[in-house]
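Here's the structure, in structure tokens; my notes come after.
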Amino acid sequence: MKSFDSFGSSVESSLNQSLVSFDNTLDQAVKRLATASKV
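Residue numbers for the sequence shown follow our numbering, beginning at 12 and rising by one.
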């Protein structure tokens with residue numbers, strides 16, 4: 012059961028990292044769109 016717990020937490024942390032990088036990418040895209048529309 013212990014190995015399954017560590018597997019679950021590693022999956023969770025990699026998911027969190029993916030979500031964070033996706034968030035940052037989305038944020039940058041929104042900022043680029045915002046500056047592009049101002050021009």
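The beta-carbon is built from N, C-alpha and C at its ideal position, and this holds for glycine as well. Remember, it's a predicted structure, so these values are computed and weren't measured experimentally.
If you ignore the 5 residues before and after residue 18, its C-beta comes within less than 8 Å of no other C-beta in its own chain. DSSP, read as helix, strand or coil, puts residue 41 in helix.
Within the same chain, and ignoring the five residues on either side of residue 44 in sequence, no residue has its Cβ closer than 6 Å to its Cβ. Here DSSP, grouped into helix, strand and coil, assigns residue 22 to helix.
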